[in-house]
Each structure stands twice: as C-alpha cells, then as structure tokens.
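So the sequence shown is numbered by my numbering: it starts at 98 and just counts up by one.
The beta carbon of each residue, even a glycine, is placed where N, CA and C say it ideally should be.
One structure is given here, and the rest of the page talks about it.
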Amino acid sequence: MLVPLDMVRAGEWAEVEEVSGQADWVGRLAELGIRRGCRVRVMQPGSTCLLTVAGCKLCLRGCDGAQILVRPIGAAG
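Here it is as structure tokens:
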C-alpha cells in the first residue's frame with residue numbers, strides 16, 4: 098500500500114516508491130537522496146518533516162512542487 102510520506106508515523110521506516118511533480122523539485126530531492134528505492138526513517142511526521150536518509154538528517158518543508166509516495170516498512174527497517 099502506497100501512502101504520502103507525511104502520513105508515516107514517527108519512528109517508522111518507509112521505502113520511497115515514487116517521487117513525482119515539478120522536475121526541479123524531483124531533481125533536488127534526488128540530489129538529497131530521496132529517490133525511488135531509498136529507505137527513509139521519519140523522525141517527525143507532518144508537512145514539515147524530519148527524516149533520516151542514508152544516515153543523514155533531512156528536514157523537508159514546503160515541497161508543494163513534488164509528491165513523495167512511500168511503502169511503510171514499520172518500526173524496524
């Protein structure tokens with residue numbers, strides 16, 4: 098089941114399945130490590146979210162130009 102990234106709960110892992118939207122946003126997110134197949138851990142959920150991606154913390158806010166759909170993995174990933 099795919100859900101928007103901002104629907105994943107704190108502490109849960111998810112695998113990115115799709116990043117769509119404006120090309121500049123999609124490209125920037127890919128540069129930051131958010132691309133299909135990557136695993137992220139949500140530290141703080143919501144429209145301003147804090148993620149762990151490839152061992153780095155990343156804060157996303159105002160990504161209105163892109164939609165990130167993920168497959169939740171659970172608390173352990």
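- Sequence-distant partners of residue 130 (beyond 5 residues in either direction) whose C-beta falls short of 6 Å from its own C-beta, in its chain, are 150 and 151.
- In the structure shown, the three-state DSSP call for residue 128 is helix.
- In the same chain as residue 100, and ignoring 5 residues on each side of it, no C-beta atom comes closer than 6 Å to its own.
- The three-state secondary structure of residue 166, taken from DSSP, is strand.
- Looking from the CA of residue 116, the closest CA among 163, 169, 172 and 158 belongs to 163.
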